[in-house]
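Before any comments, here is the structure.
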Amino acid sequence: MSRQIVSVVGGKEAAAAGTYTSLNPARTGEVVARVGLADAGTFAAACRTAKEAQREWARVPAPVRGRVIASIGRLVEANAERLARLVTEEIGKPYAEALGEVREIVDTCDFFLGEGRRLYGQTVPSEMPDKNLFTFRNPIGVAAVVTAGNFPVAVPSWYLVPALLCGNAVVWKPAEYAAASAEAMFRLFTAAGLPDGVLNIVFADGAGTFDGLELALGEGTVHKVGFTGSSEVGRKVGELAGRHLQSACLELGGKNPMVIMPDAELDLAVEGALFSGFGTAGQRCTSLGTVIVHESVHDGFVERFARALNAAAIGDPAGDVLAGPLLDQKFADRYEEYLTWLQPHHQVVSGNVGRITKDNPRGGFDGGEGLYYHPVIVDGIQPGDRLFLEETFGPIVGVTSFATLDEAIELANLPGYGLSSSIYTTNAKHAFRFREGISAGMVSVNNSTSGAEAHLPFGGNGKSGNGSRQSGMWVLDQFTRWQSMNWDHSGKLQKAQMDVAEIEPDLDFRLP
Ligand code: UN1
Numbered sequence: 112m113s114r115q116i117v118s119v120v121g122g123k124e125a126a127a128a129g130t131y132t133s134l135n136p137a138r139t140g141e142v143v144a145r146v147g148l149a150d151a152g153t154f155a156a157a158c159r160t161a162k163e164a165q166r167e168w169a170r171v172p173a174p175v176r177g178r179v180i181a182s183i184g185r186l187v188e189a190n191a192e193r194l195a196r197l198v199t200e201e202i203g204k205p206y207a208e209a210l211g212e213v214r215e216i217v218d219t220c221d222f223f224l225g226e227g228r229r230l231y232g233q234t235v236p237s238e239m240p241d242k243n244l245f246t247f248r249n250p251i252g253v254a255a256v257v258t259a260g261n262f263p264v265a266v267p268s269w270y271l272v273p274a275l276l277c278g279n280a281v282v283w284k285p286a287e288y289a290a291a292s293a294e295a296m297f298r299l300f301t302a303a304g305l306p307d308g309v310l311n312i313v314f315a316d317g318a319g320t321f322d323g324l325e326l327a328l329g330e331g332t333v334h335k336v337g338f339t340g341s342s343e344v345g346r347k348v349g350e351l352a353g354r355h356l357q358s359a360c361l362e363l364g365g366k367n368p369m370v371i372m373p374d375a376e377l378d379l380a381v382e383g384a385l386f387s388g389f390g391t392a393g394q395r396c397t398s399l400g401t402v403i404v405h406e407s408v409h410d411g412f413v414e415r416f417a418r419a420l421n422a423a424a425i426g427d428p429a430g431d432v433l434a435g436p437l438l439d440q441k442f443a444d445r446y447e448e449y450l451t452w453l454q455p456h457h458q459v460v461s462g463n464v465g466r467i468t469k470d471n472p473r474g475g476f477d478g479g480e481g482l483y484y485h486p487v488i489v490d491g492i493q494p495g496d497r498l499f500l501e502e503t504f505g506p507i508v509g510v511t512s513f514a515t516l517d518e519a520i521e522l523a524n525l526p527g528y529g530l531s532s533s534i535y536t537t538n539a540k541h542a543f544r545f546r547e548g549i550s551a552g553m554v555s556v557n558n559s560t561s562g563a564e565a566h567l568p569f570g571g572n573g574k575s576g577n578g579s580r581q582s583g584m585w586v587l588d589q590f591t592r593w594q595s596m597n598w599d600h601s602g603k604l605q606k607a608q609m610d611v612a613e614i615e616p617d618l619d620f621r622l623p
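Under the working numbering, the residue at position 57 of the sequence shown is numbered 168, and the numbers go up by one with no gaps.
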């Protein structure tokens, strides 16, 4: 039985201007939810409601807000299997990965429930006597958060949890194709006792969201924009926020490189490349883009990588598989376009290409009604190729080779993204040289490009973002603004820089 879901603003269901049908990508005949889509006006109204609610929420002591975050973590944990099953049903993420994704929300809550008792400011010495300096972290106000559906619950929690903990209200616009998962998470959050209007969920299409955001920014009801999605849309969101003198928190695409040194443990590298490239069917922003492998181990690596991929299971995401279907038709269409970037100088070393069907099966699997695609390894990638330079969200990994580490680093940086990266080596010098030279915000050594832990800074540079970081204590700078205070209790006006005592040194002094 499919669900009917609509936006919830200020604790009340909001009117819908259109509908969207969220389908199960493993069986596209199955409707997961019918989603009422709001218009720009509703989005802007939600931001006004959030602004109202935020005042009271900010006055709730931070340790008490931390207790609410603790309750969210408990509720998510108690509903983990149900939520994970829904994620698997709605976006086709293999169940084990979906459970891991749900775990990431709990980890985020575990981190931030304690932050309620910290949110440290500082006491700072003054230049003058009888004067004290302090810093405070103030909530920003309302955060408008727009998220993708490849991580329909974990990545939103990276915004929602710290934003709420810091005393902000949130208007959350999840991806339409992951609406049921988002709505379930919203219910868990509100069950923890958040006052109405502190967290609002608005389902809308891209255009409605953008127009709504523009309206709200104009009305002064949004003070932080969070966006996870493509570099193309991120640019527009960043521009819009910039016009309103705001810096958005942008988490965008990636073309994440994996460098394999001649001293690498090859089997470990193969395992890492397999998960990085094809876990979540290659649809993580941290998914592997290109393997940059040393020429001396190139042939051995490619042969083992192709063998490992051919042995891996692709199929029903409820089962034990490396990958299920693509997230949604929109992603399948885009992926088919990426496949047109294959050139005569490329060698597909993984077998068949394209949609898995009766006429193009993968072993005994014909894909049924699902959006299943053959996972592809392409060797012979060259630096000028689109497949080398652009993000290809989906199950396709390129391979190219290099002679020196400096050349590998140059290749790894060439596409101009800078989210995640990886090097396989047994030599510490290579690992640190790579770390220093790579432009990515995240570096793995002997590990997958994907699968970051939930309490390290997460974010990218270049086309992967504007330098903002999520997760751990670093995200606090997104959801609070520093306020400095000075308090003079000397009873007189002491002027900074001017009324400062000076102790005269004897600068001519020299040792005998
Ligand atoms: C994303 O795809 O937007 O590090 C985030 C990882 C996950 C998050 C990916 N923890 O791969």
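Every residue, glycine too, gets a C-beta built ideally from N, C-alpha and C.
Nothing here was measured: the structure is a model prediction, and the numbers come from that model.
Task: Exposure label - Phe543; buried when at least 16 CB within 10 Å - done: By the neighbour-count rule (16 or more Cβ atoms within 10 Å), Phe543 is not buried but exposed.
TODO: Return helix, strand or coil for Ser341, following the three-state DSSP convention.
DONE: coil
Open item on the list: Taking DSSP's pairing of strands, which residues face Lys335 in a bridge?
Closed with: Ala254
Open item on the list: Check for me: the beta strand (DSSP E) holding Pro368 runs from which residue to which?
Closed with: Asn367 to Ile371
Task: The alpha helix (DSSP H) enclosing Trp269, as first and last residue numbers - done: Ala265 to Leu276
Open item on the list: Please classify Met596 as buried or exposed, where buried requires at least 16 neighbouring CB atoms within 10 angstroms.
Closed with: By the neighbour-count rule (16 or more Cβ atoms within 10 Å), Met596 is not buried but exposed.
Task: Opening and closing residue of the beta strand (DSSP E) in which Thr401 lies - done: Start and end: Leu399 to His405.
- [ ] Counting only runs of 4+ residues fully inside the stretch 205-240, write out the alpha helix (DSSP H) ranges in chain order.
- [x] Counting only runs of 4 or more residues that sit fully inside the stretch 205-240, the alpha helix (DSSP H) segments are 206-226, in chain order.
Task: For Val187, the three-state DSSP class (helix, strand or coil) - done: Reduced to three states, the DSSP call for Val187 is helix.
TODO: Within 10 angstroms of the Cβ of Gly184, are there 16 or more other Cβ atoms? Answer buried if so, exposed if not.
DONE: buried
TODO: Within the same chain, show all residues whose beta-carbon is closer than 7 angstroms to that of Leu377, passing over the 5 residues directly before and after it, in chain order.
DONE: Taking C-beta separations shorter than 7 angstroms and ignoring five residues to either side along the sequence, the partners of Leu377 in its chain run Val408, Gly411, Phe412 and Arg415, following chain order.
- [ ] Spell out the partners DSSP gives Phe476 in its beta bridges.
- [x] Arg473
TODO: Determine the extent of the beta strand (DSSP E) in which Phe412 is found, giving its start and end residues.
DONE: Segment His409 to Ala422 is the alpha helix (DSSP H) holding Phe412; no beta strand (DSSP E) there.
Task: For Trp598: DSSP bridge partner residues - done: Asn243
Open item on the list: So the candidates are Gly573, Val264, Ser575 and Gly203; which of them puts its Cα closest to the Cα of Ala293?
Closed with: Val264
Task: Cβ neighbours of Phe389 in the same chain (closer than 6 angstroms, five flanking residues each side left out) - done: Leu433, Ala434, Pro486 and Pro506
Open item on the list: Tell me which residues share the same chain as Arg176 and place their Cβ nearer than 6 angstroms to its Cβ, disregarding the 5 neighbours each side in the sequence.
Closed with: Only residues of its own chain outside the window of five on either side were considered, and among them Gly227 and Leu276 have a CB closer than 6 angstroms to the CB of Arg176, listed in chain order.
- [ ] Take the Cβ of Pro436 as the centre, count every other Cβ of all protein chains shown within 10 Å, and call the residue buried at 16 or more, exposed below.
- [x] buried
- [ ] Taking Cys360 as part of the beta strand (DSSP E), name the residues at either end of that continuous run.
- [x] Cys360 to Glu362
Task: Endpoints, the alpha helix (DSSP H) within which Asp490 is located - done: Looking at the DSSP string, Asp490 is not in any alpha helix (DSSP H); the run it does join, the beta strand (DSSP E), is Val487 to Asp490.
Open item on the list: Pull the bridge partners of Ser179 from the DSSP assignment, please.
Closed with: Checking the sequence, you will find Val at residue 179 rather than Ser. Beta-bridge analysis with DSSP links Val179 to no other residue.
Task: Distance between beta carbons of Asn524 and Leu361, contact taken as under 8 angstroms - done: That pair is no contact at about 19 angstroms.
Task: For Leu148, three-class secondary structure by DSSP - done: strand
- [ ] With DSSP collapsed to three states, give me the class of Tyr528.
- [x] coil
Task: Beta bridge counterpart(s) of Phe262 as assigned by DSSP - done: Bridge partners of Phe262: none, in fact.
TODO: Indicate the three-state DSSP secondary structure (helix, strand or coil) for Phe513 in the structure shown.
DONE: strand
- [ ] Flag Asn261 as yes when its Cβ comes closer than 7 angstroms to any non-hydrogen atom of the ligand UN1, and as no otherwise.
- [x] yes
Open item on the list: Using DSSP's beta-bridge definition, name the partner residues of Cys425.
Closed with: It is Ile, not Cys, that sits at residue 425 in the sequence shown. Per DSSP, Ala434.
TODO: Please check the pair Ser555 and Ser533, which I expect to be a contact at CB under 8 angstroms, by giving their CB distance rounded to whole angstroms.
DONE: The Cβ separation is near 4 angstroms, so the contact holds.
TODO: Would you check if the distance between the CB atom of Leu230 and the CB atom of Leu271 is smaller than 8 angstroms?
DONE: No, the Cβ-Cβ distance between Leu230 and Leu271 is not below 8 angstroms.
Open item on the list: Please list the terminal residues of the continuous beta strand (DSSP E) segment that includes Ala280.
Closed with: Ala280 to Lys284
Open item on the list: So, at 6 angstroms on beta carbons, what are the nonlocal neighbours of Tyr288 in its own chain, with the 5 sequence-adjacent residues on each side left out?
Closed with: Ser133, Gly260 and Asp439
Open item on the list: Given this structure, state the Cα-to-Cα distance separating Glu448 from Phe499, to the nearest angstrom.
Closed with: 15 angstroms
Open item on the list: Between Thr397 and the ligand UN1, is there a pair consisting of the residue's CB and a ligand heavy atom that are separated by less than 7 angstroms?
Closed with: yes
- [ ] Just list the beta strand (DSSP E) runs in the stretch 516-587, keeping only unbroken ones of 3 residues or longer that don't cross its boundaries, in chain order.
- [x] 531-535 and 553-556
TODO: Would you check if the stretch 149-158 and the stretch 195-210 touch, i.e. whether three or more CB-CB distances between them fall below 8 angstroms?
DONE: no
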